[in-house]
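Working notes, beginning with the structure itself.
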Amino acid sequence: MQPTDVSNPDYYHKVVDCQWGCPAHTNVPEYIRLIANGRYTDSFWLNRSSNVFPGILGRTCDRPCEPACRRTRVDGKPVAICRLKRVAADLRDPTDNRLPEIPVVKNGKHIALVGCGPASLTVCNDLMPLGYECTIFEALPRSGGLMRTNIPAFRLPVAVLEEEIDMILDMGVEIHYNTRIDSMKELLEEGYDAIFVGTGAPKGKELNNPGRQEAADNIHIGIEWLEAVHFGHVDSIGERVLVIGVGNTAMDCCRTSKRLGGTDIKVMARKSRPYFKASPWELEDAEEELVDIVENYSPKRFVLEDGRLVGMEFELVSWHKDEESGRLKATVHDTEILPCDDVILAIGQDNAFPWIERDIGIEFNHWDMPEVDRTTFMTTREGIFVGGDAAWGPENIIWAVEHGHQAAISIHNYCQGLSLTEDRPPQDQNLISAKMGMHEWAYSNDYNPSPRQKMKHVELVRRFEELSIEVEMGFDPEQTAREVERCLNCDIQTHFEAKLCIECDACIDICPVHCLTITVNGAEEDLRTRLMAPAENLTQDLMVSEGLPQTGRVMVKDEDLCVHCGLCAERCPTAAWDMRKFELLIPYAGQEAACPTHV
Amino acid sequence: MTYIAKPAVRHPGLGANDLGLHMRDYEGTISTLCAGCGHDSVTAAVIQAFYELSIPPHRIAKMSGIGCSAKTPAYFVNEAHGFNGVHGRMPALATGANAANKDLHYIGISGDGDSLSIGLGQFCHAIRRNVNILYVLENNGVYGLTKGQFSACADVGSRSKRGVPNKSEPIDPVALALTLGATFVARGFSGDKQQLLPLLKAGLMHKGFAFLDVISPCVTFNDHVGSTKSYLYTRHHGHELVPVDFVPIRSEISASYEKGSRTSITMHDGSMVRFRKVPEDYDPTDRLSAYEHYRSLQNRGEVVTGLLYLDPGGEDMHDDNATTPTPLAELSHEDLCPGSEQMDALMEEFR
């Protein structure tokens, strides 16, 4: 293998699995260390620099970081990254305001944004400090988009939501509520310098089985129903409720039903548990509230009596893989009618762009979605950008935030006459030794064997009293103290300088997980079989040094299970190994190069 | 020294040995030696050898005297028996322990100071008695614990860290062991575990006195230019005369046999030592031949390594003295102390 080029920020970035997995590349290990030091406010602002909504995301994020977390591979459970973020948001000093100053004299560029969800808000967050004027058009009477209407208050208190949204709106964003944009053409005619579409995926999918029209009064579309609950238009539901679908929206629907009078609630899944779309923790929380999750029931028809919904018929199915197509095929064994008072459909969301004329230069693909460039977020019509769920279908909040950051860079470049591709500021890295003394490091390198801390919940009887009682109580100080120490500090990199190595084997002998080997170089497939421990996780890189001075062999490190204990560096007599703190420098709109985040 | 404990995690891809134990179960406490010390590498190889041989930790006895090397038994196989004795007196302790319980696996760890200065007499007599032990001499040419004075095996002309050359003739432990009649004589290098590991395993399985000299550089006092015991010098002047593989009993050996590979020697328990490469006119089971080869290469300035001499005869001190088949430690009190009547009867015989 060629020697690994660690001057490319991607190499060390990838070692920080959580940060690499986070769409917005939040500096997770650093913010966890700040929490460990009691620096909640610093931790909050570090979070905010990349993910913009720490308090909201600390409760609702889909957590792509956690399945990626190295700790999972070491002891089975990831660090509770998401809920630690909430600790920082909850305990920060609210009087310590570090928002950038907004220029009084504007730069003369005016941006229109359609929809006031996380994507649009992030664009405003990045552009307002540069002197742009931003105007948001929102169809609903409130801000926040699906963050507000689709996430029930028992998961995300309104106060938290509004505080973080207001940080952005208070930068001087002009917002028009109850203003649905019906024509892109008309909006274009108003002469904005750029337009950003952040309208989300606002249309719940239909289930047109027999009886759908006749029983319409008691059949609800999940996201619309959640929105109606949020705005107080709906405050009750029948006792027996069937929720169709088993994604995260279904989890919010069944748990909301529990709070509006439902007593017998079943979530109906067509497939079995391994295929469920809902996050495992959301399933867990629903089941804790005694919601039934029924597998392998495929909806057949709505059953009516006297024009009223009384039940729903299902086919009981089993699944097998079709050898030819490789797809799953169902075999029906039986049918069953389950009685119910209401049905909620939560089987997915679609985008809807009836308001964008098809003759104004925005090309639509065969899914009837606008063609959006994956890097620039611009449509085929210059000056019109799309981000969030509106771009490529439903994702989650953290993706919308990252889309917003990238779109803001593009909008800025576009308005300043710069290239959207060539003039995009590149990522960079800082690499600073963490050595503080003979055997002291600027991080807690002692491995803590604690198990993942369990989130405490409000008692079952109490939590159903009101829709707005937040179920999760957050980590208490003891739990926080234990959980932060579970973090393996993957950003403190094992940095190797081949020319200093005397091949004494000290690092190899001390490594608790046998991830280091000195051997003769070879092709990657071959090297992976010749290491101290089998390197079978192909998603994790091998770091290969240049030839070592004494024998010409190479130092190979399998990044997979390194617990970043720093013992290789402690036992190295020549400081060929050093522990270096890696900081990914992420550029935002208006920055020519990425700047370190000073906290 | 390192303050944190070695994290209690292990690579899930690494299996267990025949006893169901993992390699990490054979570790000791974390080393307090200088970072980069060759002795730590020897320790790591010892751990691996015991693990791969599936020797139960409680059937191991670790013996040592005084010195940097003597500290190392604390760093491997925590569950084993151990005795850290007086300077240079490890051979006597090991002889005593072995006399009492011949069924344990004995490993003695010593250094060039411990074995070749204060304990030279002890060392010689343990060889003479053919005690069943693997005697590892961690050889770095200096007294590291007292800040780097030349030891008795420092080569003439080797320079100290201050640049002063050594003028005294060295005591060569390998030549000494060969001439004193050791039944297993080998030399390894801490910087080459591929070679060291089979030597350790063969030595542990050898019945009788197995002597293993390991060039183990002192990274603090003897790893500079001018030293003849540094990592660099050993790598540049090392000459692997007789590379071996250790083939444990029960394992399939035919498949891995290269055509034309030379000798293989069956040990007393059925395991095998296979010599991968032996020079034409050299017989590693012939003491004189081994000595001649060793001396001639040494005169050319080469650091000779490998399994230089092996007598697989399989006899030790207990055979020479016709002791009881049951270890003394396991005999009942009645058998060990038959009482004054037996004593009187014995005395009667001599009247």
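Heads up: the protein sequence lines correspond to chains A and B, in order. Quick note on numbering: numbering that gives the first Met the number 0 labels position 476 of the first sequence as 475, and the sequence is numbered without any gaps. Quick note on numbering: numbering that gives the first Met the number 0 labels position 327 of the second sequence as 326, and the sequence is numbered without any gaps. Every residue, glycine too, gets a C-beta built ideally from N, C-alpha and C.
Find the residues of chain A that neighbour residue i, judging by a C-beta separation of less than 7 Å, and give them in chain order.
i: H10(B); result: V512, H513, A532, L560
i: C67(B); result: Here the premise fails: no neighbours, minimum Cβ distance about 14 Å.
i: L13(B); result: H513, A532
Where do the ends of the beta strand (DSSP E) carrying residue i lie?
i: G576(A); result: Per the sequence presented here, residue 576(A) reads as Trp, with Gly not at that position. W576(A) -> beta strand (DSSP E) spans 576-584.
i: R273(B); result: 271-274
i: S263(B); result: 263-265
i: Y351(B); result: What is shown of chain B runs 0 to 350, which leaves residue 351(B) out entirely.
i: E132(A); result: 132-136
i: I498(A); result: Going by the sequence as given, residue 498(A) is Lys instead of Ile. Run containing K498(A): none; DSSP gives neither H nor E here.
i: I3(B); result: No beta strand (DSSP E) holds I3(B); DSSP gives it neither H nor E.
i: Q428(A); result: 427-432
i: F189(B); result: Strictly speaking, residue 189(B) in this sequence is Ser, with Phe absent from that position. Looking at the DSSP string, S189(B) is not in any beta strand (DSSP E), and its letter there is neither H nor E.
i: P173(A); result: Correcting the residue identity first, residue 173(A) is Glu in this sequence and not Pro. Element bounds for E173(A): 173-175.
i: V266(A); result: 263-267
i: R570(A); result: Per DSSP, R570(A) belongs to no beta strand (DSSP E); it is in the alpha helix (DSSP H), 566-570.
i: M62(B); result: 59-63
Count the other CB atoms within 10 Å of the CB of residue i; is the residue buried (16 or more) or exposed (fewer)?
i: L287(B); result: exposed
i: E591(A); result: exposed
i: S253(B); result: Legend: pLDDT at S253(B) = 45, less than 50; position of this residue unreliable, value from coordinates given subsequently. The residue in question, S253(B), is exposed, as its Cβ has fewer than 16 Cβ neighbours within 10 Å.
i: E381(A); result: exposed
i: I361(A); result: buried
i: C17(A); result: buried
i: M437(A); result: exposed
i: G87(B); result: buried
i: Y74(B); result: buried
i: K166(B); result: exposed
i: C594(A); result: exposed
i: P353(A); result: exposed
i: I359(A); result: exposed
i: L198(B); result: buried
i: M342(B); result: exposed
i: S229(B); result: buried
i: D154(B); result: buried
In the DSSP assignment, find the alpha helix (DSSP H) that holds residue i and state where it starts and stops.
i: N320(B); result: 316-320
i: N97(B); result: 89-99
i: Q549(A); result: From DSSP, Q549(A) is part of no alpha helix (DSSP H); its letter is neither H nor E.
i: K184(A); result: 183-188
i: F49(B); result: 37-51
i: A67(A); result: 64-67
i: R85(A); result: 80-90
i: R254(A); result: 247-258
Residue i versus chain A: which residues are under 9 Å apart at the beta carbon?
i: I3(B); result: H438, N444, D445, Y446, C564, G565, L566, E569
i: S40(B); result: C503, D504, A505, I507, D508
i: C33(B); result: P572
Residues of chain B with CB closer than 7 Å to the CB of residue i, please, in chain order.
i: E502(A); result: G190, Y230
Cβ closer than 9 Å: which chain B residues qualify as neighbours of residue i?
i: T538(A); result: Under the 9 Å cutoff, chain B gives no residues; its nearest Cβ is about 15 Å from T538(A).
i: E591(A); result: Near E591(A) there are no residues of chain B at all, since even the closest Cβ is about 42 Å away, more than 9 Å.
i: Q634(A); result: As shown, chain A starts at 0 and ends at 598. That puts residue 634(A) outside it, with no answer to give.
i: E535(A); result: G12
Which bits of chain B does residue i rub up against, with CB to CB less than 8 Å?
i: V73(A); result: V8
In chain A, which residues lie less than 8 Å from residue i when you measure between Cβ atoms?
i: A73(B); result: Correct list: empty, because the minimum Cβ distance to chain A is about 15 Å.
i: A43(B); result: D504, I507, D508
Quick one: does residue i have its CB under 8 Å from some CB of chain D?
i: E484(A); result: The chain inventory of the structure shown lacks chain D, comprising the protein chains A and B.
Open item on the list: Extract the residue ranges of the beta strand (DSSP E) inside the region 344-420 of chain A, only unbroken runs of 3 or more that lie entirely within it.
Closed with: DSSP runs (the beta strand (DSSP E)) wholly in the region 344-420 of chain A: 383-385.
TODO: With a floor of 3 residues, list each beta strand (DSSP E) that falls wholly inside the region 284-330 of chain A, ordered by position along the chain.
DONE: 291-293, 296-304, 307-320
Open item on the list: As an exercise, report each continuous beta strand (DSSP E) stretch of at least 3 residues that is fully enclosed by the region 117-164 of chain B, in chain order.
Closed with: 132-138
Task: Entirely enclosed alpha helix (DSSP H) segments - the region 221-248 of chain B, minimum 4 residues - done: 230-236
Open item on the list: Does the region 37-46 of chain B come into contact with the region 506-520 of chain A, if we say contact requires no fewer than three beta-carbon pairs (one atom in each stretch) closer than 8 Å?
Closed with: yes
- [ ] Check whether the region 390-409 of chain A touches the region 370-381 of chain A, counting contact only when three or more Cβ pairs, one atom from each stretch, lie closer than 8 Å.
- [x] With the cut-off at 8 Å, the region 390-409 of chain A and the region 370-381 of chain A touch.
Open item on the list: Under 8 Å, with one C-beta from each stretch per pair, do the region 101-108 of chain B and the region 176-186 of chain B reach the 3-pair mark?
Closed with: no
- [ ] Answer yes if the region 75-83 of chain B comes into contact with the region 32-40 of chain B, meaning at least three C-beta pairs across the two stretches below 8 Å, and no otherwise.
- [x] no
- [ ] Could you tell me whether the region 317-329 of chain A touches the region 217-226 of chain A, where touching means 3 or more Cβ pairs closer than 8 Å?
- [x] no
- [ ] Please specify which runs of the beta strand (DSSP E), each continuous and at least 3 residues long, are wholly inside the region 449-488 of chain A, giving them in chain order.
- [x] none
Open item on the list: With three or more beta-carbon pairs closer than 8 Å as the criterion, would you say the region 513-522 of chain A touches the region 553-570 of chain A?
Closed with: yes
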